[in-house]
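A short worksheet on the structure shown next.
And the structure:
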């Protein structure tokens with residue numbers, strides 16, 4: 003059976019949300035997803051979308067997705083491509099679908115003249131780490147990821163809680 | 003002397019590039035910056051900018067900058083605010099300018115209904131790490147940053163080298 007990769011359309015949103023939830027469960031955060039279909043429609047399919055999405059179909063069934071947006075390299079003076087989510091449904095693994103999605107994302111980065119394709123991986127996810135290394139990825143382990151959210155963000159902004 | 007924080011204008015681009023170069027030197031990559039003024043003008047000041055920038059002036063002199071864009075949380079279904087660069091020129095340190103810039107960026111995140119403000123810090127930059135922790139930041143050390151660029155990106159995309 004053949005795999006095809008296509009740009010997501012609004013009709014794919016229920017499937018995209020199902021992929022997001024399945025990936026969160028795999029990442030051991032099954033209850034972390036509060037996004038709704040309305041959120042994904044508003045933010046991905048307006049005139050200035052905040053994200054882009056590819057769907058991999060295998061034998062006519064949605065098998066995986068890649069969810070990305072553009073960041074910016076101040077060193078290069080160019081947008082970079084940031085891959086937020088890459089996921090293949092467990093029943094479709096071992097068929098090269100993840101590699102095909104990653105290759106398509108890399109081709110989009112080249113087409114958009116992006117000097118870099120970046121993403122993150124959980125440190126215990128050795129199958130993914132091995133796969134990414136085989137794809138030519140480097141690991142920028144000297145950079146720590148920092149986040150402020152919730153009450154801490156409100157406090158930092160000077161809001162009254 | 004008072005500090006004021008304002009949105010950058012095209013006339014600030016030479017100063018923004020000077021800040022980017024000074025930050026790269028501080029990060030021990032003084033030769034990494036290939037961005038030009040034309041790059042920053044094209045990508046930050048068109049109809050759909052790839053980035054946004056704040057300038058801190060102190061006593062009438064540009065003292066620091068914050069350079070940001072929007073990423074996307076698939077879990078929250080909302081854009082997040084990503085702080086690419088935060089820098090205060092050494093001669094203006096100790097005056098609370100970095101904190102004022104970070105607070106303004108947090109206020110923009112709240113105003114834009116972003117659930118998160120995120121950035122990265124080099125693991126040897128303890129003064130910055132301590133400062134961020136004091137500002138309520140958490141460190142997401144289970145996530146490793148991954149990148150494909152240059153020839154590896156071309157190869158992944160299936161291009162002939």
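Protein chains in written order, with the numbering used here: chain A, 3 to 163; chain B, 3 to 163. Beta carbons: idealized from backbone N, C-alpha and C, even for Gly.
- Under DSSP, residue 70(A) takes part in a beta bridge, and its partners are 54(A), 85(A).
- Only 104, 105, 108, 109, 111, 112, 117, 118, 119, 120, 121, 122, 123, 124, 125 from the segment 101 to 133 of chain B bring a Cβ to less than 7 Å from some Cβ of chain A.
- Within chain A, 112 have C-beta atoms less than 7 Å from the C-beta of residue 156(B), given in sequence order.
- Within its own chain, the residues whose Cβ lies closer than 6 Å to the Cβ of residue 21(B), once the five positions on either side in sequence are excluded, are 67, 89, listed in chain order.
- Residues of the segment 63 to 81 of chain B with a Cβ closer than 7 Å to any Cβ of chain A, in chain order: 69, 71, 72, 73, 74, 76, 77, 78, 79, 80, 81.
- At least one beta carbon of chain B lies nearer than 9 Å to the beta carbon of residue 42(A).
- In the three-state reduction of the DSSP assignment, residue 44(B) falls in the helix class.
- Using a Cβ-Cβ cut-off of 7 Å, residue 146(A) is close to 122, 123, 125, 141, 143 of chain B, given in chain order.
- Put simply, the backbone Cα of residue 41(A) is about 7 Å away from that of residue 80(B).
- Scanning chain B for C-beta atoms nearer than 8 Å to the C-beta of residue 36(A) yields 77, 78, 79, reported in chain order.
- Listed by position along chain B, the residues whose Cβ is nearer than 9 Å to that of residue 30(A) form an empty set, because the closest Cβ is around 10 Å away.
- For residue 85(A), the closest of 73(B), 95(B), 78(B) by C-alpha to C-alpha distance is 73(B).
- Taking residue 29(B) as the centre and dropping the five residues before and after it, the same chain places the C-beta of 124 closer than 7 Å to its C-beta, in chain order.
- Taking residue 117(A) as the centre and dropping the five residues before and after it, the same chain places the C-beta of 75, 78, 80, 82 closer than 8 Å to its C-beta, in chain order.
- Collapsing the DSSP output to three states places residue 119(A) in a strand.
- Per DSSP, reduced to three states, the secondary structure at residue 109(A) is helical.
- For residue 86(B), the chain A residues whose C-beta falls within less than 9 Å of its own C-beta are 73, 74, 75, 76, listed in chain order.
- The Cβ atoms of residue 119(B) and residue 150(A) sit closer than 9 Å to each other.
- If you look at residue 23(A), you'll find it in the alpha helix (DSSP H) that goes 15 to 28.
- Under the Cβ criterion of 9 Å, residue 150(B) is counted among the residues facing chain A.
- Inter-segment contact for the segment 52 to 71 of chain B and the segment 10 to 25 of chain B is present: three or more beta-carbon pairs are separated by less than 8 Å.
- DSSP, read as helix, strand or coil, puts residue 49(B) in coil.
- A distance below 9 Å separates the beta carbons of residue 50(B) and residue 50(A).
- Selection 97(A), 146(A), 140(A), 152(A) evaluated against residue 111(B) yields 152(A) as nearest (Cα-Cα).
- It is roughly 7 Å from the alpha-carbon of residue 7(A) to the alpha-carbon of residue 103(A).
- In the structure shown, residue 93(A) adopts helical secondary structure according to DSSP, grouped into three states.
- For residue 159(B), at least one C-beta of chain A is nearer than 9 Å to its own C-beta.
- It is roughly 43 Å from the alpha-carbon of residue 127(B) to the alpha-carbon of residue 94(A).
- With respect to the 9 Å criterion, residue 159(B) and residue 109(A) are classified as neighbours on the basis of their beta carbons.
- Shown here, residue 144(B) sits in coil according to DSSP, grouped into three states, outside any helix or strand.
- By the Cβ-count criterion, residue 132(A) is exposed, with fewer than 16 other Cβ atoms from all chains shown falling within 10 Å of its own Cβ.
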